[in-house]
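For what it's worth, the numbering used here labels the leading residue of the sequence shown as 184, then goes sequentially.
Note that the Cβ used here is the ideal one computed from N, Cα and C, for glycine as well.
Working notes, beginning with the structure itself.
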Amino acid sequence: MSYTADKIRNVCLLGHGGDGKTSLAESMLYLTKGTDRLGKVTDGNTVCDSDPEEIKRQFSISSALAPVEYTGHKINVIDTPGFFDFVGEVKQALRVADTGIIFATAKNGVEVGTEKAWKYVNETNRPRMFYISKLDEEHADFAKTAEALRAAFGTSVCPVYLPIMDGTTPTGYVNIALNKAYAFDGKTYKEIAIPANLADEVETFRMELTEAIAETDDELMEKFFAEEEFTEEEYINGIKNGVATCALAPIVCGSYMTGFGTLPLLDAIINYTPSPLGRGAEKGVNAAGDTVEIAADPNGPAIAFVFKTVTDQYGRFSYFKVVSGKVTADMTLVNARTGDNEKIGHIYVVKGKKNTEVEEIGLGDIGAVSKLADTKTNDTLCAAGKVVELEKIVFDKPCYSRAITPISKGGEEKIATGLTRLKDEDQTFTAGIDSETHEYIISGAGDMHIDVLCSKLKSKFGVDVVLSDPKVAYREKIRKKVRVQGKHKKQSGGHGQYGDVWIEFEPDESYDMVFAENVFGGSVPKNFFPAVEKGLRECMDHGVLAGYPVVNLKATLVDGSYHDVDSNELSFKMAARLAFKAGMPQANPVILEPIGSLKVYVPDSNMGDIISDLNKRRGRVMGMNPAGNGQTTVEAEVPMAEMSTYAIDLRSITQGRGSFELKFERYEETPPMVQAKVIEEAKANMVDDDD
């Protein structure tokens, strides 16, 4: 069945891991006959957690679609992961959702995931609702959680449903906007009188809601001050307008196990959240580079935004939202990024892992298309003559890196191929060979993220891998001037080899080696100068302390001797190498370590622990600046060698609230104890390599 845009709602479920998002999506589908059985996460049979990794781990690692058809409307529910390593999936879902539904459990209240979800909807200016889940758990308290949400996020947060409880069992609810109560018998809802023991609570919540609605409209504000009662229509429209303008965040509630609250939630989504028509125009850039707005016009040119990609053994599967016109099977669209035509073959409506082929996807709806030639996540597909690139999803930079190697020989190519394929699905990680250390490095959002990628490498591409700390790109330099001889003499019948140089080595400001000559009297002919320089440059890659590249070096050729017959370029190149190896140990060499410039964004309450942790990492705090909302930005300089686990440790210290940026700044001399450790490790690695 095809739905017009005014009958479509696109919502994504947001919140902390374990708050019941996947289970609610399952309840929505089951109670609207979208499925014939109620799946459970623990049984591995839910619609939204269909990936083998999700079934194995029993939590969501990717966003999933669950279209719900209810009372003549289509609600595209997008279930998102609650674990922070998979925030890229959350950002993909929010890009095409018109409303975010933020979860908080009635027992645990406001958690870190709740805070982050609120941050994401604010960053994307998305309308939002709160859903208080797990009402039937022991120690659950709706009123306490609702108050905690208001305290955390402001008075725009207002309950519109209040559960009627019998111990830990929800037996009905009060619709605060309509001032009506409904009993729930496990299947249906029947209107009843508002329980007397809830009258005061209902009145308090109703007054809060009335005041919040009044602030969305001048006429309603006048009516509020005149103490006139709002009509039912004014309440419904007031909530709807407040949600659309982000001035109001209604609270609803429910319990997955019994299905309580699921259908009232669907009613709230239909009545209170905006359709794609209500979200306004999309912004983009046309072929001339000008900013344009794309109106949500069902009769406009076809324009679709690709927000997610899934790959399997059959190829690439591109998920898209239609922002103008409609997309039909067998039409040809232009990829705004590449300028190439893409033939739209089969198009589908997706429910978990089930794909149903359809003839068209209309304005505001979400669908998928298979086997496009070169379309990726963040691409815009347009009708010819109306090429425009819509605003892209901005993913966080990877902050946790590991060196990845195959267990079996010859697996390097499989790793590279596999990660390239996985990159189509997941743009939040990077992978490639480090030009400094020559290791294959994979970088992601955290240890769980990388663990999932490695599991997929094994299951999809048959390669087992080992992870380790990446090597640190140390450097070596000298600290005093020395003058040494390098003499290469070899006689083995016929022409021999003879090269003799005296070279002065000294520290220099230039990062690269500076070569100079100050030879008098032709003791070394000029035609051998390039050979001397080449010999020295070849040595620069391997210092004498731990084999790291040498920097900040000036080498001056000052003297030497040659043989008319036996001297050649190779001889002087070898002589230069001998001089380097003899001179470096005498020139007070030292190991340099990379220093990073660090910015940490943390709650004020964690400041002491953050400073203490940075001190343990040999960091130097350069400044602390208030960032507002109870946050502080700490700026520091810290050795990169101490930062390999920082993403995980910071998450632990701040319960996931902290974030950071780290970039290379410069090299500095290592302290003696650190230098000794680096040299010891280098020698151990040399022994291993010899084995």
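- Message: At the level of alpha carbons, what is the spacing between P732 and V506?
- Response: Numbered from its first residue, the sequence shown carries residue 732 at position 549. Numbered from its first residue, the sequence shown carries residue 506 at position 323. Looking at the two C-alpha atoms, the distance is approximately 54 Å.
- Query: Are the beta-carbon atoms of T521 and E608 separated by less than 7 Å?
  - Reply: Taking the sequence shown and counting its residues from 1, one reaches residue 521 at position 338. Taking the sequence shown and counting its residues from 1, one reaches residue 608 at position 425. It is not a contact, given that the beta carbons lie outside the stated cut-off.
- Rounded to a whole number of angstroms, what is the C-alpha to C-alpha distance between I453 and H256? In the sequence shown, the residue the question calls residue 453 occupies position 270. In the sequence shown, the residue the question calls residue 256 occupies position 73. Answer to the nearest angstrom: the Cα atoms are 8 Å apart.
- Message: Using a 10 Å radius around the Cβ and a threshold of 16 neighbouring Cβ atoms, would you call N259 buried or exposed?
- Response: One-based indexing of the sequence shown puts residue 259 at position 76. So N259 ends up on the buried side.
- Task: On the DSSP bridge assignment, give the partners of R240 in chain order.
- Result: As a first step, residue 240 must be located in the sequence shown, where it is residue number 57. Beta-bridge pairing links R240 to no other residue.
- Query: Skipping 5 residues on each side, what residues in its chain have a beta carbon closer than 7 Å to that of D324?
  - Reply: The residue you call residue 324 lines up with position 141 of the sequence shown. Within the same chain, D324 has close Cβ partners A289.
- Query: Does the Cβ of T603 have 16 or more other Cβ atoms within 10 Å, making it buried, or fewer, making it exposed?
  - Reply: Taking the sequence shown and counting its residues from 1, the one referred to as residue 603 is at position 420. Under this definition T603 is an exposed residue.
- Which runs of the beta strand (DSSP E) spanning at least 3 residues fall entirely within the stretch 810-837, listed in chain order? 814-822
- Item | Sheet register partners of I486 (DSSP bridge) | Translated into the one-based positions of the sequence shown, residue 486 becomes position 303. Paired residues: S507 and C565.
- Collapsed DSSP secondary structure at S638 in the structure displayed: One-based indexing of the sequence shown puts residue 638 at position 455. DSSP places S638 in helix when its eight states are reduced to three.
- Own chain, CB closer than 7 Å to I590, minus 5 neighbours either side, in chain order: Within the sequence shown, residue 590 is the residue found at index 407, counting from 1. These residues qualify, in order along the chain: D647, V648 and V649.
- Enumerate in chain order the residues of its own chain whose CB-to-CB distance from D874 is below 8 Å, with the five nearest sequence positions on each side excluded. What you label residue 874 is simply residue 691 of the sequence shown in a count that begins at 1. Here the model assigns D874 a pLDDT of 48, short of 50, so the residue's position is not dependable, and the following value carries that caveat. Answer for D874: no residue qualifies.
- Message: Using a Cβ distance threshold of 8 Å, determine whether the stretch 303-321 contacts the stretch 425-438, with at least three qualifying pairs required.
- Response: yes
- Query: Nearest to K526 by alpha carbon, out of N710, D557, K534 and G265?
  - Reply: Translated into the one-based positions of the sequence shown, residue 526 becomes position 343. Measuring from the Cα of K526, the nearest candidate turns out to be D557.
- Query: Measuring CA to CA, which of M312, E863, F443 and S835 is closest to D368?
  - Reply: Taking the sequence shown and counting its residues from 1, one reaches residue 368 at position 185. Here the closest residue by C-alpha is F443.
- Item | Alpha-carbon to alpha-carbon, L381 and A364 | For the purposes of this step, residue 364 is identified with residue 181 of the sequence shown, where counting begins at 1. For the purposes of this step, residue 381 is identified with residue 198 of the sequence shown, where counting begins at 1. Near 10 Å, if we compare the C-alpha coordinates of L381 and A364.
- Task: Would you mind stating whether R192 and T456 have Cβ atoms separated by less than 7 Å?
- Result: Within the sequence shown, the letter at position 9 stands for residue 192. Within the sequence shown, the letter at position 273 stands for residue 456. Yes, Cβ-Cβ distance for R192 and T456 is below 7 Å.
- Quick one: give me the first and last residue of the alpha helix (DSSP H) that D383 is part of. Residue numbering aside, residue 383 sits at position 200 when the sequence shown is read from its first letter. Note, D383: alpha helix (DSSP H), A382 to A397.
- Task: Drop a sphere of 10 angstroms on the beta-carbon of M856, count the other beta-carbons inside from all chains shown, and report buried for 16 or more, exposed for fewer.
- Result: The count along the sequence shown starts at 1 and reaches residue 856 at position 673. It counts as exposed.
- Task: Using beta-carbon positions only, say whether I347 and M312 come within less than 7 Å of one another.
- Result: Here residue 347 is taken as the residue at index 164 of the sequence shown, counted from 1. Here residue 312 is taken as the residue at index 129 of the sequence shown, counted from 1. The answer is no: Cβ separation not under 7 Å.
- Using a threshold of 7 Å, state whether the C-beta atoms of E776 and R801 are closer than that. In the sequence shown, the residue the question calls residue 776 occupies position 593. In the sequence shown, the residue the question calls residue 801 occupies position 618. No; because the gap between Cβ atoms is not below 7 Å, this pair is not in contact.
- Item | Assigned exposure category for M805 - 16 Cβ within 10 Å defines buried | What you label residue 805 is simply residue 622 of the sequence shown in a count that begins at 1. Its Cβ having fewer than 16 others within 10 Å, M805 is exposed.
- Kindly indicate which residue of F408, D747, L345 and E391 has the alpha-carbon position closest to the one of P378. Taking the first residue of the sequence shown as position 1, residue 378 is located at position 195. Ranking F408, D747, L345 and E391 by Cα distance to P378 puts L345 first.
- Item | Chain-order list of residues whose beta-carbon lies under 7 Å from that of V270 (same chain, five-residue window excluded) | Your numbering for residue 270 matches position 87 in the sequence shown. So the qualifying residues of the chain are D579 and A628.
- Query: On the three-state DSSP scale, how would you describe H256?
  - Reply: To locate residue 256, count along the sequence shown from 1; it is residue 73. H256 falls in the strand class under three-state DSSP.
- Cβ pair L787, G811 closer than 7 Å: Within the sequence shown, the letter at position 604 stands for residue 787. Within the sequence shown, the letter at position 628 stands for residue 811. Correcting the residue identity first, residue 787 is Asp in this sequence and not Leu. No, Cβ-Cβ distance for D787 and G811 is not below 7 Å.
- Proximity of V684 and A759 at Cβ, strictly below 7 Å: Numbered from 1 along the sequence shown, position 501 holds the residue referred to as residue 684. Numbered from 1 along the sequence shown, position 576 holds the residue referred to as residue 759. Cβ distance < 7 Å, so V684 and A759 count as in contact.
- Message: Going by C-alpha to C-alpha distance, which of H632, A614 and P653 sits closest to F267?
- Response: For this step, residue 267 is matched to residue 84 along the sequence shown. It is H632.
- Please report the residue range of the beta strand (DSSP E) in which Y372 lies. Translated into the one-based positions of the sequence shown, residue 372 becomes position 189. Counting along the chain, the beta strand (DSSP E) containing Y372 begins and ends at Y372 to I375.
- Collapsed DSSP secondary structure at D787 in the structure displayed: If you number the sequence shown from 1, residue 787 lands on position 604. DSSP places D787 in helix when its eight states are reduced to three.
- Return the chain-ordered list of same chain residues with a C-beta closer than 8 Å to the C-beta of K606, the five sequence neighbours on each side being excluded. Residue mapping note: residue 606 aligns to position 423 of the sequence shown, counting from 1. Around K606: F612 and A614.
- Query: Around the C-beta of S438, are 16 or more other C-beta atoms found within 10 angstroms, so that it is buried, or is it exposed?
  - Reply: Along the sequence shown, one-based indexing puts residue 438 at 255. Buried.
- Query: Is P484 near G547, with beta carbons less than 7 Å apart?
  - Reply: Residue mapping note: residue 484 aligns to position 301 of the sequence shown, counting from 1. Residue mapping note: residue 547 aligns to position 364 of the sequence shown, counting from 1. No, the Cβ-Cβ distance between P484 and G547 is not below 7 Å.
- Task: Please report the Cβ distance between H746 and Y681, rounded to the nearest whole angstrom; I am assuming they are in contact, meaning their Cβ atoms lie under 8 Å.
- Result: As a working note, residue 746 is residue 563 in the sequence shown. As a working note, residue 681 is residue 498 in the sequence shown. Rounded, the Cβ-Cβ distance is 4 Å, consistent with contact.
- Task: Please report how far the alpha carbon of T739 lies from the alpha carbon of N701, in whole angstroms.
- Result: Within the sequence shown, numbered from 1, the residue matching residue 739 stands at position 556. Within the sequence shown, numbered from 1, the residue matching residue 701 stands at position 518. T739 and N701: Cα-Cα distance of roughly 7 Å.
- Enumerated in chain order, which unbroken segments of the beta strand (DSSP E) with a length of 3 residues or greater are wholly contained in the stretch 528-573? 530-534, 537-541, 549-553, 563-565 and 571-573
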